[in-house]
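Numbering (the working numbering), first residue to last: 15 to 268.
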């Protein structure tokens, strides 16, 4: 059991007498996690948060990733995000017989993929093409979690007319993710134009004095634009996850 719908179906089965309360209690007790020695796979997260546990690939061996994915697969988990997984590990995972769509630019895999009808609209904007690894991590995360995503890449402030030509796209968004390095000014500009939350992502792109993204981080934290929040440097996943939550909540209101 790994989704809210499955839990609801179980409770309905108890209500109409198809399942006993004792059987249902046992199933719920067994749901939370499975201990596979090197990982405690959280099988209850879909019920608590509406999305499966996400596997952080960096620092894990391909064998560990395979083991976690197989455990989730046994419990019918679909569209499992594997972040920060390099091409070599991804190949080993797929060679082991696990179905996975791999996106090399974002270093992100989606295991046991199935089609998703994206809802709402999340816009992911990047300052430059060099920000694409982070931007794609954000975009793919939001898409995999169920959001419709529109990409606006290479619309940085050094050519502000490129951004302004897409005002119709920006104004139709429920949330905007802005990925920018250098001085990180794009987040403030976008925040001053739109009527929805902005999730700012400082990237480590830039010349010597950008301090690995610290200059963009500090600029975004000090943004004068209201309604902008900031995630950590290069954290496209966190931004995409948050933007999807905002998007889905706006959909519930409607």
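Backbone N, C-alpha and C fix where the C-beta goes; we use that ideal spot for every residue, glycine too.
Exercise. Whole beta strand (DSSP E) runs in the segment 26-82 with 3 or more residues, listed along the chain?
Worked result: Listed in chain order, the complete beta strand (DSSP E) runs (minimum 3 residues) inside the segment 26-82 are 47-49 and 54-56.
Exercise. Quick one, which of 200, 160 and 197 has its alpha-carbon nearest residue 256's?
Worked result: Check the Cα spacing between residue 256 and each of 200, 160 and 197: the tightest is with 160.
For this session: Could you please give the first and the last residue of the uninterrupted beta strand (DSSP E) stretch that includes residue 164?
Result: Residue 164 -> beta strand (DSSP E) spans 161-166.
Exercise. Just the Cα atoms here: how many angstroms apart are residue 177 and residue 202?
Worked result: Their Cα atoms are separated by approximately 13 Å.
For this session: Give the single residue among 145, 81, 37 and 140 whose Cα lies nearest to the Cα of residue 174.
Result: Nearest of 145, 81, 37 and 140 to residue 174, Cα basis: 140.
Problem set entry | 8 Å Cβ shell around residue 235 - same chain, five flanking residues per side excluded | Within the same chain, residue 235 has close Cβ partners 244.
Exercise. Straight-line CA distance for residue 70 to residue 101?
Worked result: Taking the straight line joining both Cα atoms gives about 14 Å.
Exercise. For residue 87, which residues from the same chain have a beta carbon less than 7 Å from its beta carbon, with the 5 sequence-adjacent residues on both sides left out?
Worked result: Within its own chain, the residues whose Cβ lies closer than 7 Å to the Cβ of residue 87, once the five positions on either side in sequence are excluded, are 126, listed in chain order.
For this session: Can you grab the Cα-Cα spacing for the pair residue 211 / residue 241, in whole Å?
Result: Cα-Cα distance, rounded: 5 Å.
For this session: Compute the Euclidean distance between the alpha carbons of residue 121 and residue 91, then round it to the nearest angstrom.
Result: Residue 121 and residue 91 have their C-alpha atoms some 21 Å from each other.
For this session: Determine the direct distance from the alpha carbon of residue 144 to that of residue 227, and round the result to whole angstroms.
Result: Approximately 13 Å, taken between the alpha carbons.
Exercise. By how many angstroms is the C-alpha of residue 221 removed from the C-alpha of residue 184?
Worked result: If you take the alpha carbons of residue 184 and residue 221, they lie about 29 Å apart.
For this session: With DSSP collapsed to three states, give me the class of residue 141.
Result: Coil.
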